[in-house]
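Residue numbers (our numbering), protein chains in the order written: chain E, 683 to 912; chain S, 683 to 912; chain A, 683 to 912. Ideal Cβ positions, reconstructed from N, Cα and C, are used throughout, including at glycine. Computed from a prediction, not measured in an experiment: that's the story for all the values here. Working notes for the structure below.
Put into structure tokens, the structure is as follows:
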């Protein structure tokens with residue numbers, strides 16, 4: 683239907699593709715659907731057969747279909763590849779999307795809450811029940827999974843990944859590509875370098891140098907605490 | 683008042699009893715009230731005196747009143763007995779309710795979020811601030827307490843119990859009657875057997891055989907991690 | 683504008699000051715704004731220069747401006763000083779406000795949920811994504827940060843502090859001025875004394891005497907658990 687006088691835009695920003703059809707993508711497909719403001723054209727995945735479905739959304743093919751989608755007027759994409767354990771997998775999807783001419787808006791589940799003074803850059807995902815607090819900055823491509831808390835004034839690098847339940851206190855700085863496990867905690871004012879892997883349930887008390895792996899369930903730095911009456 | 687033409691149903695599905703009047707039941711009574719679509723007829727409890735109240739809802743008596751309630755046209759029940767530490771307590775309440783002719787709809791607090799592609803079977807409770815993700819299956823009678831995350835593709839057995847803040851990664855399978863403690867984490871793809879007890883804050887990294895007890899605050903399997911620069 | 687017949691009240695309860703302009707105050711300013719029912723007159727802070735701004739709200743001066751504000755018809759205040767590690771800092775702000783003639787309503791973020799049978803006293807703050815359950819009592823001045831769960835029948839003392847993700851099971855009693863760290867868990871029925879410091883990720887299994895410090899990532903009481911098949 684033609685709408686008289688309404689301007690013709692270069693593309694329809696409501697039509698979106700999801701890049702990635704694995705487990706995580708199911709949470710992200712549901713998030714995009716429940717937002718109500720997007721129509722999912724389909725899933726792009728390099729290993730799922732074209733014509734199959736992921737929870738009801740059709741698989742369109744692999745990266746080779748991106749130029750066709752652009753020609754068809756689709757320019758909006760969501761990267762649903764998590765890259766847990768290897769951030770380059772998620773990063774490379776962003777590279778493919780950018781080269782093909784797509785843009786990636788931040789996506790926030792309606793049950794999450796983002797304070798208006800926080801800043802989410804492009805490609806950021808914030809999943810159900812999470813919270814990003816006042817004055818925090820979340821750089822491009824970062825994935826904030828369920829029930830995560832990012833407190834006031836935090837600065838999170840590009841393509842960082844926060845697993846469900848991670849709690850980051852105020853004034854924490856996290857370098858690019860660092861991944862923080864489920865229910866891990868990071869103390870106020872701590873600096874975590876880039877490309878760190880922080881395991882599930884880890885307790886981070888002090889700064890963590892770039893490239894460090896902190897194992898699940900451990901305390902950083904290691905110490906022998908003696909609980910006592912004060 | 684008689685409503686012309688509107689059909690007469692066998693029973694009024696909006697009238698509900700709560701079985702159990704202990705501590706947990708207060709959270710569940712509040713959940714049922716805030717949903718707005720149920721009228722609580724009263725509490726059935728075998729040890730609280732008939733005629734007393736639980737946060738304003740009357741105690742009707744013990745299991746002996748179930749047949750009277752059925753005759754009175756009540757058929758909908760919510761099992762608010764937790765059975766932490768002994769799953770048979772919760773299971774036996776379901777048996778009494780089924781024998782008397784009641785049905786138990788799933789109950790979801792309005793601040794929780796269930797992805798539409800997830801499946802909750804009968805008798806499942808999901809309390810405030812929790813999340814059940816895409817394609818997950820939650821079998822009958824399971825209790826998902828506050829701020830729990832059940833990720834994509836999980837399959838949770840019958841009458842399992844997830845305490846506040848438990849975080850279950852994607853593709854996890856949990857056997858019947860297993861209980862997972864507060865803020866415990868379970869890694870992606872892990873299989874937990876039936877009748878396990880996982881303590882508060884436990885970090886589950888690998889499969890757990892049926893009948894295992896993992897103590898609070900411990901890592902499974904036990905290991906001596908050495909945090910280091912990669 | 684004059685409103686005919688509408689009574690003249692002693693003060694306008696919708697005009698509010700925020701006492702404290704540090705990091706935590708950004709989360710609290712955002713919480714007060716999103717509630718929609720308050721107008722923030724400004725920030726009172728003893729160390730930030732008058733005339734500067736905190737995420738867009740003006741700093742009015744230090745404690746010396748409180749009498750002027752009272753004279754101007756402002757009587758409602760929110761204490762956004764956390765006092766982590768030293769509860770007297772937060773307590774003294776309440777003393778200044780009370781002496782000057784202010785009152786401090788409880789403030790609850792709209793994404794938090796408080797069961798109607800719970801009781802929040804004055805000066806209590808409940809931040810985003812948290813939950814306070816049936817029949818719980820939260821005494822004056824307590825700060826419940828993000829994604830905290832306070833279960834049924836808990837009694838929390840005055841000016842206690844619960845950091846993000848702390849999970850408190852049912853029937854727990856916490857004494858005045860105690861602070862509980864991020865993602866710490868407290869077992870059902872435990873009594874924690876006053877002026878305790880419970881570290882991040884701590885696992886509290888049994889009663890904790892007043893004045894005890896439990897270090898981050900530790901189990902209380904200390905034990906050497908042997909996980910095993912039952």
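| query | result |
| --- | --- |
| Option in E:749, E:720, E:805 with minimal Cα separation from residue 785 of chain E | E:805 |
| Given residue 653 of chain E as reference, the closest of S:687, S:694, S:819, S:797 once Cα atoms are compared | One cannot answer for residue 653 of chain E here, as it falls past the ends of chain E, which runs 683 to 912. |
| Cβ pair count under 8 angstroms reaching 3, the stretch 711-718 of chain S against the stretch 781-795 of chain S | yes |
| Residue 878 of chain E beta carbon near the ligand ADP (any heavy atom closer than 7 angstroms) | Among the ligands in the structure shown, none appear at all, so the ligand ADP cannot be discussed. |
| Cβ-Cβ distance between residue 882 of chain A and residue 863 of chain A below 8 angstroms | yes |
| Minimum Cβ-Cβ distance from residue 706 of chain E to chain S less than 8 angstroms | yes |
| Residues near residue 752 of chain E in its chain [Cβ-Cβ closer than 8 angstroms; skip 5 each side] | 782, 783, 784 |
| Partners in chain S for residue 712 of chain E, counting only beta-carbon separations shorter than 8 angstroms | 797, 798, 799, 815, 816 |
| Beta carbon proximity, residue 811 of chain A to chain E, threshold 8 angstroms | yes |
| Interface residues of chain A facing residue 851 of chain S [CB-CB closer than 9 angstroms] | Those do not exist, as residue 851 of chain S stays about 16 angstroms from chain A at its closest Cβ, beyond 9 angstroms. |
| Cutoff 7 angstroms; reference residue 694 of chain S; Cβ partners in own chain excluding five residues on either side | 755 |
| Any C-beta of chain S under 8 angstroms from that of residue 899 of chain E | yes |
| Element boundaries [alpha helix (DSSP H), containing residue 713 of chain S] | 705-717 |
| Members of the stretch 879-895 of chain A near chain S, C-beta cut-off 9 angstroms | 883, 884, 885, 886, 887 |
| Contact between the stretch 706-713 of chain A and the stretch 895-907 of chain S (3+ Cβ pairs under 8 angstroms) | no |
| Runs of beta strand (DSSP E) lying entirely within the stretch 741-778 of chain S, each at least 3 residues, in chain order | 758-761 |
| Chain S contact for residue 793 of chain E (CB, 8 angstroms cutoff) | yes |
| Given residue 897 of chain A as reference, the closest of A:889, A:788, A:880 once Cα atoms are compared | A:880 |
| Within chain A, partners of residue 823 of chain E - CB distance below 8 angstroms | None at all; the shortest Cβ gap to chain A is about 24 angstroms. |
| Buried or exposed by the 16-neighbour rule on C-beta atoms within 10 Å, applied to residue 703 of chain E | buried |
| Residue 758 of chain E vs residue 788 of chain E beta-carbon contact at 8 angstroms | no |
| Under 7 angstroms (Cβ pairs) to chain S, residues found in the stretch 845-871 of chain A | 847, 849, 851, 852, 853, 865, 867, 869 |
| 7 angstroms Cβ shell around residue 912 of chain S - same chain, five flanking residues per side excluded | The predicted model places residue 912 of chain S with a pLDDT of 48, which falls under 50 and marks its position as unreliable; any figure quoted below should be read in that light. There are no such residues. |
| Counted within 10 angstroms of its Cβ, other Cβ atoms place residue 696 of chain S as buried (16 or more) or exposed | exposed |
| Short CB-CB distance (under 8 angstroms) between residue 762 of chain S and chain A | no |
| When S:724, S:744, S:808 are compared against residue 778 of chain S, the one with the closest alpha-carbon | S:744 |
| Delimiting residues of the beta strand (DSSP E) encompassing residue 721 of chain E | 721-726 |
| Residue 801 of chain S versus residue 820 of chain S - alpha carbon distance | 6 angstroms |
| Contact check, residue 834 of chain S vs residue 852 of chain S, beta carbons under 8 angstroms | yes |
| CB contact check: residue 803 of chain A to chain E, cutoff 8 angstroms | no |
| Cβ distance (whole Å) where residue 723 of chain E is taken to contact residue 747 of chain E below 8 angstroms | Their Cβ separation, rounded to whole angstroms, is 10 angstroms, which puts residue 723 of chain E and residue 747 of chain E out of contact at 8 angstroms. |
| Nearest-angstrom Cα separation, counted from residue 829 of chain A out to residue 861 of chain A | 16 angstroms |
| C-beta neighbour in chain A for residue 912 of chain S, strict 8 angstroms | Summary for residue 912 of chain S: the model assigns pLDDT 48, below 50, so the residue's position carries little reliability, and this model does not support an answer. |
| Minimum Cβ-Cβ distance from residue 808 of chain A to chain S less than 8 angstroms | no |
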